[in-house]
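Those letters in the sequence shown? Residues 3 to 211, by the numbering used here.
Built from N, CA and C at the ideal position, the CB exists for glycine as well.
A short worksheet on the structure shown next.
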Amino acid sequence: MNVSEFVEKINQGLKAGLPGEKTHRIMLPNQRSLTPTKDDDAKKSAVLILVDFNSQDPNLTFIERARYDGVHSGQIAFPGGKFEKSKDRTLIDTAIRETFEEVGYKAVEGQIVCELSKLYIEVSNTVIYPYVAIVPQLPVLKPNSIEVEDVFSVPLKKFTSKNINKGLFKGHDYMVEAPYWNVKGKRIWGATAMMVAELVGLLNENNTI
Numbered sequence: 003m004n005v006s007e008f009v010e011k012i013n014q015g016l017k018a019g020l021p022g023e024k025t026h027r028i029m030l031p032n033q034r035s036l037t038p039t040k041d042d043d044a045k046k047s048a049v050l051i052l053v054d055f056n057s058q059d060p061n062l063t064f065i066e067r068a069r070y071d072g073v074h075s076g077q078i079a080f081p082g083g084k085f086e087k088s089k090d091r092t093l094i095d096t097a098i099r100e101t102f103e104e105v106g107y108k109a110v111e112g113q114i115v116c117e118l119s120k121l122y123i124e125v126s127n128t129v130i131y132p133y134v135a136i137v138p139q140l141p142v143l144k145p146n147s148i149e150v151e152d153v154f155s156v157p158l159k160k161f162t163s164k165n166i167n168k169g170l171f172k173g174h175d176y177m178v179e180a181p182y183w184n185v186k187g188k189r190i191w192g193a194t195a196m197m198v199a200e201l202v203g204l205l206n207e208n209n210t211i
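Below, the structure written as structure tokens:
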């Protein structure tokens, strides 16, 4: 699938509507809610799903967060972070700014082809807004060693239903069972896996994975 074919599939999928909860639930950890209990109090964050075509087929860029005393320590994620009123006009600004801070890649708004469904993260009381950006040729990234332990790319075609596993994960102060994809020795689960599932569903005619 080249860039033009990818964008065409995205546009076709958007006409039918985002799959949202239908695909989120495929990768939803046990005993987790998709609905904010206090929507007004929830923090806002944005992430950038970088889709590159360095190997002709689409690849997704992930980061492994640095270890710290927090709920998302060491997790696999898309680059992104919290909305800051003093720095950001919009959540797109947040996604672009945080991506540059974390991996050294400066995207522009024109690269963004769609916004996926917002996603509520119960453990941090945060609503995440994911944006999909096209990067025809991704340069060598320069991760911020304070925030990022590792950065790596995975072919989009690896994210299929037959490759889904289930396992236990240790959070900040909890254990949870969740579906995950095992890629390059790393387990992609939780909110990140749910966003991947929606992107895959959007690209597929039946809106699933």
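Assuming residue i is part of the alpha helix (DSSP H), what are its boundary residues?
{"i": "residue 11", "result": "5-18"}
{"i": "residue 102", "result": "93-105"}
{"i": "residue 23", "result": "23-26"}
Which term fits residue i, buried or exposed, when burial requires 16 or more other beta carbons within 10 angstroms of its beta carbon?
{"i": "residue 99", "result": "buried"}
{"i": "residue 28", "result": "buried"}
{"i": "residue 62", "result": "buried"}
{"i": "residue 162", "result": "exposed"}
{"i": "residue 155", "result": "buried"}
Can you give the Cα-Cα distance for residue i and residue j, rounded to whole angstroms?
{"i": "residue 60", "j": "residue 96", "result": "24 Å"}
{"i": "residue 19", "j": "residue 198", "result": "16 Å"}
{"i": "residue 175", "j": "residue 92", "result": "33 Å"}
{"i": "residue 143", "j": "residue 118", "result": "24 Å"}
{"i": "residue 43", "j": "residue 57", "result": "42 Å"}
{"i": "residue 148", "j": "residue 86", "result": "19 Å"}
In this structure, does DSSP put residue i in helix, strand or coil?
{"i": "residue 140", "result": "coil"}
{"i": "residue 201", "result": "helix"}
{"i": "residue 194", "result": "helix"}
{"i": "residue 36", "result": "coil"}
Enumerate in chain order the residues of its own chain whose CB-to-CB distance from residue i is below 6 Å, with the five nearest sequence positions on each side excluded.
{"i": "residue 135", "result": "50, 52, 109, 113 and 114"}
{"i": "residue 137", "result": "52 and 54"}
{"i": "residue 78", "result": "64, 66, 188, 190 and 194"}
Between which two residues does the beta strand (DSSP E) harbouring residue i extend?
{"i": "residue 63", "result": "59-67"}
{"i": "residue 172", "result": "166-172"}
{"i": "residue 84", "result": "82-84"}
{"i": "residue 117", "result": "114-117"}
For residue i, I'd like the list of residues in its chain whose CB is within less than 7 Å of its CB, leaving aside the five on either flank, ordered along the chain.
{"i": "residue 193", "result": "121, 123 and 130"}
{"i": "residue 23", "result": "36"}
Could you pull out every residue in the same chain whose Cβ sits closer than 8 Å to the Cβ of residue i, ignoring the five residues on either side in sequence?
{"i": "residue 106", "result": "143, 144, 145 and 146"}
{"i": "residue 31", "result": "171, 178, 179, 180, 181, 191 and 192"}
{"i": "residue 9", "result": "115 and 136"}
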